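First residue of the sequence shown: 1, per the numbering used here; consecutive thereafter. Backbone N, C-alpha and C fix where the C-beta goes; we use that ideal spot for every residue, glycine too. Bear in mind the structure is a predicted one, so any value in this text is a computation, not a measurement. One structure is given below, encoded as structure tokens.
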Amino acid sequence: MNTINAVKELPEVKDVQVEFVLHPPWTSDRITEQGHVNLRKFGIAPPPRRMEADGTWHIDCAYCGSAYVTMDNIFGPTACRSILYCKSCKNVFEAMKPVSTLM
Ligand SMILES: [Zn+2]
């Protein structure tokens with residue numbers, strides 16, 4: 001079921017119109033603070049808000065917040081997510097890669 005049909009099944013919805021907005025382009029910078037909180041609740045580390053001066057970025061553990069993590073696989077279930085391992089709480093977690101126009 002696509003998203004439009006799923007929304008149409010809601011009893012309070014009478015009509016659905018979808019408008020694709022390509023400008024400005026979506027980037028992970030547009031994920032709200034609440035979105036970051038919700039991703040962590042789901043066990044996914046949100047994309048970092050800033051890059052280091054050398055162009056690298058760092059992810060903290062989605063579960064305990066530890067910076068003591070290693071990357072197990074650059075690609076997770078989707079190309080925009082990676083699989084990391086936390087050496088502090090011993091959990092495997094996913095992290096969203098940053099998608100930014102600043103990169
Ligand atoms: Zn952890």
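Of the heavy atoms belonging to ligand 1, none sits nearer than 7 angstroms to the Cβ of Ser82.
No heavy atom of ligand 1 is found nearer than 7 angstroms to the CB of Ser28. DSSP places Ile83 inside the beta strand (DSSP E), whose first and last residues are Arg81 to Cys86.
Using a 10 angstroms sphere on the CB of Met96, the tally of other CB atoms reaches 16 or more, which defines it as buried. When C-alpha distances from Ile31 are compared across Lys90, Tyr63 and Ala45, the shortest belongs to Ala45.
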